[in-house]
Amino acid sequence: MKRILVACGNGIATSTVVASKVKSYLTEQGVQVETTQTKLMEVPSKVQDYDLLITTGQFEGQTGDVPVIKGMPILTGIGVDQTMEEIYKKITE
Numbered sequence: 021m022k023r024i025l026v027a028c029g030n031g032i033a034t035s036t037v038v039a040s041k042v043k044s045y046l047t048e049q050g051v052q053v054e055t056t057q058t059k060l061m062e063v064p065s066k067v068q069d070y071d072l073l074i075t076t077g078q079f080e081g082q083t084g085d086v087p088v089i090k091g092m093p094i095l096t097g098i099g100v101d102q103t104m105e106e107i108y109k110k111i112t113e
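Numbering follows the numbering used here, with no gaps: position 65 of the sequence shown is 85.
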């Protein structure tokens, strides 16, 4: 099972919405994933245990080999299809 870390400013509101939508989308595509929400400032100490990082805010930290996708389109609805396809491609590589 793939693991996705979803980070926002406080690790509560927007990351929960994004995590839920991403998990639903990937489940519909037949991909089992586990999502975890966190604060942006906690990403560097947690990200190494995940296959993908999705952020809803500015993140300039290091992630090692873990790919990063900006998740704001999932909240705004503008470009959401393209973002979901990008997530699907990254998580199934």
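Cβ coordinates follow ideal geometry from the N, Cα and C atoms, glycine included.
Unbroken alpha helix (DSSP H) run spanning residue i, endpoints
i      : result
Val-51 : Unbroken run through Val-51: none, as it is neither H nor E.
C-alpha distance - residue i paired with residue j, whole-angstrom precision
i       : j      : result
Thr-96  : Asp-69 : 28 Å
Thr-112 : Asp-71 : 10 Å
Met-61  : Gln-49 : 31 Å
Ser-35  : Thr-58 : 7 Å
Ala-39  : Ile-74 : 9 Å
Strand pairing of residue i, partner residues [DSSP]
i       : result
Ile-98  : For Ile-98, which the question treats as bridged, DSSP gives no partner whatsoever.
Ile-107 : Note: Ile-107 sits in no beta bridge, so no partner.
Ile-89  : Ile-74
Distance between beta carbons of residue j and residue i, contact taken as under 8 Å
i       : j      : result
Ile-24  : Thr-55 : 5 Å
Thr-103 : Pro-93 : 4 Å
Span of the beta strand (DSSP E) around residue i
i      : result
Val-26 : 22–28
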